[in-house]
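In the working numbering, the protein residues as written are 50 to 209.
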């Protein structure tokens, strides 16, 4: 590791480390979801509801979470059956529903989302302001590069 850090990483070294970090990060949130007795999808829905103030449309959730409509719908139904959420019709839309947290759901957000946000803030405060800024800038730069390069594949004539 130190030798690789002192010289330029090969693509193979980089992608292994990057993917390992990405998966380890995801594993933390997976373990938190399980700790609270939730599926990953239900956990992220609750997290996003807290982040967005307790009310959001189903389509906004799909967009925020990068999950399929079916996955979000399934998790929403479970949370609704548990009494944590209400799904309300949106005017002029037959399919899209507004997701609202019930009083029971607010208690769940207090038990689940609030400690996770506090944990994330403590972790954030362990980084210097320069590290925080660099992390965001580098993630954004890689994301933009991946978008550009993926468009080459996605927009190619050869459909598989």
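All residues carry an ideal CB built from backbone N, CA and C; glycine is no exception.
Query raised in the report: How about residue 99 and residue 191: are their beta carbons less than 7 Å apart?
Result: no
Requested in this report: With DSSP as the reference, label residue 137 as helix, strand or coil.
Outcome: strand
Report task. Pair every Cβ in the segment 170-187 with every Cβ in the segment 87-101, then say whether three or more of these pairs are closer than 8 Å. Result -> no
**Report entry** Environment of residue 165 [buried if 16+ CB atoms lie within 10 Å]
**Finding:** buried
Query - Nearest-angstrom Cα separation, counted from residue 70 out to residue 162 - result: 23 Å
Query raised in the report: From residue 127 to residue 72, what does the alpha carbon distance come to, in whole angstroms?
Result: 26 Å
Query raised in the report: Are the CB atoms of residue 124 and residue 90 nearer to each other than 7 Å?
Result: yes
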